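First comes the structure, then the notes that go with it.
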Amino acid sequence: MIEGNGPLYGEVRASGAKNAALPILCAALLTDDTLTIRNLPQLWDVDTTRRLLTQMGVAVNLAGPGAVEVNAASISTCVAPYELVKTMRASILVLGPLLAKRGEAQVSLPGGCAIGARPVDLHLSGLEAMGAEIELDGGFINARAGRLRGAHIVFDTVTVTGTENLLMAAVLAEGQTILDNAAREPEVVDLANCLVAMGATIEGAGTSTIRVQGVSRLHGAVHSVIPDRIETGTFLIAGAITRGQVRVTHTDPAMLEAVLVKLQQAGAGVETGGDWIEVDMRHRRPRAVDIHTTPHPGFPTDMQAQFMALDCVAEGVGTIRETIFENRFMHAQELMRLGAQIAIEGNTAIINGVERLDGAPVMATDLRASAALVLAALSADGITRVDRVYHIDRGYEHIEEKLRGLGALIRRVTG
Ligand code: UD1
Numbered sequence: 161m162i163e164g165n166g167p168l169y170g171e172v173r174a175s176g177a178k179n180a181a182l183p184i185l186c187a188a189l190l191t192d193d194t195l196t197i198r199n200l201p202q203l204w205d206v207d208t209t210r211r212l213l214t215q216m217g218v219a220v221n222l223a224g225p226g227a228v229e230v231n232a233a234s235i236s237t238c239v240a241p242y243e244l245v246k247t248m249r250a251s252i253l254v255l256g257p258l259l260a261k262r263g264e265a266q267v268s269l270p271g272g273c274a275i276g277a278r279p280v281d282l283h284l285s286g287l288e289a290m291g292a293e294i295e296l297d298g299g300f301i302n303a304r305a306g307r308l309r310g311a312h313i314v315f316d317t318v319t320v321t322g323t324e325n326l327l328m329a330a331v332l333a334e335g336q337t338i339l340d341n342a343a344r345e346p347e348v349v350d351l352a353n354c355l356v357a358m359g360a361t362i363e364g365a366g367t368s369t370i371r372v373q374g375v376s377r378l379h380g381a382v383h384s385v386i387p388d389r390i391e392t393g394t395f396l397i398a399g400a401i402t403r404g405q406v407r408v409t410h411t412d413p414a415m416l417e418a419v420l421v422k423l424q425q426a427g428a429g430v431e432t433g434g435d436w437i438e439v440d441m442r443h444r445r446p447r448a449v450d451i452h453t454t455p456h457p458g459f460p461t462d463m464q465a466q467f468m469a470l471d472c473v474a475e476g477v478g479t480i481r482e483t484i485f486e487n488r489f490m491h492a493q494e495l496m497r498l499g500a501q502i503a504i505e506g507n508t509a510i511i512n513g514v515e516r517l518d519g520a521p522v523m524a525t526d527l528r529a530s531a532a533l534v535l536a537a538l539s540a541d542g543i544t545r546v547d548r549v550y551h552i553d554r555g556y557e558h559i560e561e562k563l564r565g566l567g568a569l570i571r572r573v574t575g
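Residue numbers are given in this note's numbering: position 340 of the sequence shown equals residue 500, and the series is strictly consecutive.
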């Protein structure tokens, strides 16, 4: 339940990045030694990954606040069951490491999801090019391989988890792998840094060509997860949409350049330091901005819904073009329940900004859509009830506590 109560002010600390934490947890499958992971956020998706690993026989133990030690020496099964995969598509990230280290993997097919078809064909064809035999049977991906062989892989489409899966497969493969048209997201770089700390030889992470020289074994390491740029951006919008002033600390401005440019275009003052970003929208109404989602370093699809919320109360007309995922406008219907004026034409949303939104019951449909609804509610008159809030717990750590710290009137009614 959220009661719009005016500008938010103050400081909030960014958590570790969900999308870096998930592949890094799976990277522990690549060694029999212990991988210690720090700055791990407390999220549903992290917990799902922990359960996925423990049901395989992997030991995952707490090692202080926000830290775990993962040891896969006693792995007993290489199966990722449907019950877990259906709740989190990123479960596919166990496929590459299991094949590379154990020579086998059985991973339930993720299937469709709320934001489009999201196939995994590029993960599979890349692994086949490295020598894996893959069959689809009974809803499962059954994969087998001797030692994988290095290969030259050119991705048809830029895929984040696809790049990560093949990167994890390549580090233990025989010879050199070249990943072309690779994802350049900071989370891919963080995974590569963790793998290098484990003894891998990788060049070019963060560019569209990654070169991996396979090694015969990896060892344990200690790795700290990068800050969550999407959570950071969401809190900056919370400041902007309520016409307040919010500073996010323990973050990295370099990862958010495309987002900060859009906040400036919306009329916000943006200041950055080494590990903080502050947005200042006091005493003025945001201006509508146009957004076009593209792979990193372009504007991230995971910030699209939050900017739509901002455009809903901005001055002027904003256009949002979603090019990464089909069907990623489900939040638009819910925002309209709050009085937003949005027209959808194919993959483009046209938002005519209104002076005020009005609180209403709404329903979260996916992770970032739910963030957009919370943001809109913070700026709306009256009370908004956001249902199915479990979506938000998948990717935002204690969001209601963090927003309360900025002065928001928000409380969790049920889990
Ligand atoms: C990751 C992120 C997600 C983010 C997305 C895009 C994680 C855990 N999730 O998702 O938060 O929104 O990147 O930045 O990191 N595609 C294919 N075939 C494939 C794989 C992908 O056609 O084999 C297509 C998808 O349908 C989509 C596009 O490629 O249209 C990009 O998807 P991808 O980068 O793979 O998204 P995820 O890695 O699932």
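C-beta: ideal position from N, C-alpha, C; glycine also.
The structure displayed is predicted, hence computed values, not measured ones.
Check GLN501 in the structure and name its three-state DSSP category. Sequence index remark: in the sequence shown, residue 501 carries index 341 (1-based). Correct three-state label for GLN501: strand.
- Indicate the three-state DSSP secondary structure (helix, strand or coil) for GLN424 in the structure shown. Numbered from 1 along the sequence shown, position 264 holds the residue referred to as residue 424. The answer is helix: DSSP assigns GLN424 an H, G or I state.
* Asked: With a CB to CB cut of under 8 Å and the five nearest residues on each side skipped, what residues in its chain are close to ARG577?
  -> Because the chain is modelled from 161 through 575, residue 577 falls outside the range shown and cannot be assessed.
_Rounded C-alpha distance that separates ALA188 from ARG571_ = On the sequence shown, residue 188 is found 28 positions in, with the first residue counted as 1. On the sequence shown, residue 571 is found 411 positions in, with the first residue counted as 1. The C-alpha of ARG571 is placed about 36 Å away from the C-alpha of ALA188.
Apply the 10 Å Cβ neighbour rule to ASP440 and answer buried if 16 or more other Cβ atoms are within range, or exposed otherwise.
Here residue 440 is taken as the residue at index 280 of the sequence shown, counted from 1. Its Cβ being crowded by 16 or more others within 10 Å, ASP440 is buried.
Original post:
By Cβ distance, which residues of its chain are closer than 8 Å to VAL206, with the 5 residues on each side in sequence left out?
Top reply: As a first step, residue 206 is located in the sequence shown; it is residue number 46 there, counting from the start. Here the set comprises LYS178, ALA181, LEU182, LEU185, LEU200.
- Beta-carbon contacts of THR247 that lie in its chain and below 7 Å, excluding the five residues immediately before and after: For the purposes of this step, residue 247 is taken as the residue at position 87 of the sequence shown. For THR247, where only same-chain residues beyond five positions count, the Cβ hits under 7 Å are THR208.
Status (buried if at least 16 other CB within 10 Å, exposed otherwise) for ARG516: Numbered from 1 along the sequence shown, position 356 holds the residue referred to as residue 516. Counting of Cβ neighbours within 10 angstroms places ARG516 among the exposed residues, the total staying below 16.
Next item on the list: Identify the continuous alpha helix (DSSP H) that holds VAL356 and give its terminal residues.
Entry: For this step, residue 356 is matched to residue 196 along the sequence shown. Judged by DSSP secondary structure, VAL356 falls within the alpha helix (DSSP H) whose first and last residues are 346-357.
Quick one: is the Cβ of ASP388 within less than 8 Å of any heavy atom of the ligand UD1? As a working mapping, residue 388 is identified with position 228 in the sequence shown. ASP388: no, Cβ never under 8 Å from the ligand UD1.
Three-state class that DSSP yields for GLN405 in the structure shown: Here residue 405 refers to the residue found at position 245 of the sequence shown. DSSP places GLN405 in strand when its eight states are reduced to three.
Exercise. Flag THR394 as yes when its Cβ comes closer than 8 Å to any non-hydrogen atom of the ligand UD1, and as no otherwise.
Key: The residue labelled residue 394 in the question sits at position 234 within the sequence shown. No, the beta carbon of THR394 sits no closer than 8 Å to any heavy atom of the ligand UD1.
Alpha-carbon to alpha-carbon, LEU253 and HIS312: Position 152 of the sequence shown, counting from 1, holds the residue named residue 312. Position 93 of the sequence shown, counting from 1, holds the residue named residue 253. Approximately 20 Å, taken between the alpha carbons.
For this session: Starting from the C-beta of MET216, find all residues in its chain whose C-beta is less than 6 Å away, skip the five residues before and the five after it, and write them out in chain order.
Result: Here residue 216 is taken as the residue at index 56 of the sequence shown, counted from 1. Once the five neighbours on either side are set aside, the close Cβ partners of MET216 are ILE235, THR237.
* Asked: alpha helix (DSSP H) containing LEU339: first to last residue?
  -> Start at 1 with the first residue of the sequence shown, and residue 339 comes out as number 179. Element bounds for LEU339: not the alpha helix (DSSP H) but the beta strand (DSSP E), 336-340.
Checklist line | Under the three-state DSSP convention, the category MET248 falls into | finding: Residue numbering aside, residue 248 sits at position 88 when the sequence shown is read from its first letter. In the structure shown, MET248 sits in coil (DSSP, three-state: anything other than H, G, I, E or B).
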